[in-house]
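Numbering (the working numbering), first residue to last: 106 to 155. Every residue, glycine too, gets a C-beta built ideally from N, C-alpha and C. These numbers come from a predicted model, not from an experiment. Following: one structure in structure tokens, then a few remarks.
Shown next as structure tokens:
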């Protein structure tokens, strides 16, 4: 029951139980080859992800 609201991935640790399970997020299907890489890069940069 920590205070981190990040999803644990790849190491067997459990995510905070207050988070919605990944399988329940209803994420849209994305075809990476159809993404506009320039726009994606710009948006990710703007969001501070890269």
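C-alpha gap between residue i and residue j, whole angstroms
| i | j | result |
| --- | --- | --- |
| residue 127 | residue 113 | 10 Å |
| residue 135 | residue 116 | 25 Å |
| residue 133 | residue 142 | 18 Å |
| residue 150 | residue 144 | 10 Å |
| residue 153 | residue 146 | 10 Å |
Range of the contiguous alpha helix (DSSP H) that encloses residue i
| i | result |
| --- | --- |
| residue 111 | Taken as a continuous stretch (DSSP letters only), residue 111 belongs to no alpha helix (DSSP H), as it is neither H nor E. |
Neighbourhood of residue i by C-beta, 7 Å cutoff - its chain only, sequence neighbours within 5 removed
| i | result |
| --- | --- |
| residue 124 | 110, 112 |
| residue 131 | none |
Cut-off 8 Å between Cβ atoms - residues of its own chain near residue i, not counting five sequence neighbours on either side
| i | result |
| --- | --- |
| residue 119 | 113 |
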